[in-house]
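In what follows, a structure is listed as structure tokens, so that the remarks can point back to it.
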Amino acid sequence: MHYYSSVIPSTQASVNSVTRAFVAMHGYPRDANKTFNAALAAVKGAGDTGNTVVIAPVYQVVPDQAKKCSTQGVPVAVKGDLTWSCSDWLEGGVSSGSQAISSFAVMDELVKQLQKDFPNLRNITIAGFSAGAQMVQHYAAFAADVLPPVLAIRYVVSDPGAWLYFDTLRAQPYLAGKQVAWTQCQGGTQGLGQCELRLEQPSRICPQINNWKYGLDNLPSNLSRDAAQARAHYASADVRYLEGSLDRSAAKGTYYGLLDKSCAASAQGSFRLQRGIVYGFYDRTLLAPAKNRKVTIVPGCSHDVACVFPSAQARAVLFDD
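In structure tokens:
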């Protein structure tokens with residue numbers, strides 16, 4: 003498994019000084035180099051370089067399948083590497099080849115390895131952007147319970163194209179008491195214009211709306227929990243949400259062409275910002291009301307991890323104790 007790291011655990015001094023780890027998950031193009039740099043900039047902005055190790059893993063795809071999901075400068079898969087398809091790593095898929103292991107289990111092993119390498123580690127932030135955010139959000143529901151009480155893990159979900167819902171209800175937009183299309187709910191301080199949200203069974207016919215990865219129907223057999231256990235685990239976890247304020251249209255910089263526009267994803271909203279705001283409402287209303295999880299919106303950022311992660315707003319979400 004390839005990864006970028008800001009600290010090599012080769013000296014006792016560097017090992018002992020690390021009390022926090024920041025694991026940054028790449029997006030669909032597997033741009034782990036860009037994601038690593040954005041995470042490192044966030045740590046530098048927070049003034050935590052002396053005690054924080056930044057890790058950016060690379061979920062490899064075999065070269066003949068990776069043309070659509072590769073970034074220049076990122077190491078390509080070599081013999082012996084774990085490999086996935088361009089998209090199954092983000093939903094817990096099992097690697098191909100003889101060493102079959104789920105992408106979630108790999109993250110479990112990374113957490114264990116960090117504990118071994120850095121004995122004074124106390125906090126781990128696992129943050130994902132775009133497709134990486136989908137991975138982190140799904141992983142938060144299925145992460146292994148193998149951690150000592152002194153270690154705190156935070157999951158930060160930033161600008162995903164689609165979300166995992168834990169029941170069959172979805173927020174529906176209403177304007178002046180009438181249900182409307184998501185496209186009529188834009189702008190305003192909350193990003194939804196004048197629309198209000200109501201949690202209901204969607205009236206739109208969409209057979210896939212609750213299937214994994216959008217819901218908990220037809221869970222893959224390799225996952226470690228059933229639907230009820232996954233919901234409870236996610237509800238109790240430390241989860242935070244981030245969105246770029248300009249990730250709200252089909253404009254240049256939003257990578258709208260890569261946005262999931264399937265029936266199940268479109269039922270969550272029109273654009274990434276809207277989908278994130280809507281999910282925050284669902285979380286606070288039904289999933290984990292006691293947590294009161296808010297969506298932090300980063301001004302001036304489109305769909306760009308290099309803009310979102312280093313921002314002052316994101317640093318508070320990523321590192322605030």
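For the sequence shown, my numbering assigns the number 3 to the initial residue and increments by one for each residue that follows. C-beta: ideal position from N, C-alpha, C; glycine also. Keep in mind that this is a model prediction, so the values were computed, not measured.
Going by C-alpha positions, residue 122 is about 32 Å away from residue 95. Between the region 275-294 and the region 211-230, the count of Cβ pairs shorter than 8 Å is below three; the stretches do not touch.
Under the three-state reduction of DSSP output, residue 240 falls in the strand class. Taking the Cβ atoms as the reference, residue 35 lies roughly 7 Å from residue 73, within the contact range of under 8 Å. Shown here, residue 219 sits in a strand according to DSSP, grouped into three states. The Cβ neighbour count for residue 181, taken over all protein chains shown within 10 Å, is under 16; the residue is labelled exposed. Residue pairing from DSSP places residue 22 in a beta bridge opposite 54 and 125.
The continuous alpha helix (DSSP H) containing residue 268 extends over residues 265-268. Under DSSP, residue 59 forms a beta bridge with 5. Here residue 259 is exposed, its C-beta having fewer than 16 other C-beta atoms within 10 Å. Excluding residues up to 5 positions away in sequence, 169, 171 and 201 lie with their Cβ nearer than 8 Å to the Cβ of residue 288 in the same chain.
In chain order, 94, 106, 225, 226, 227, 232 and 235 place their CB closer than 8 Å to the CB of residue 144, counting only its own chain and leaving out the 5 sequence neighbours on each side. Looking at the DSSP output, residue 180 shares a beta bridge with 177. Per DSSP, residue 206 lies in no beta strand (DSSP E) and is assigned neither H nor E.
The C-alpha of residue 53 is placed about 19 Å away from the C-alpha of residue 314.
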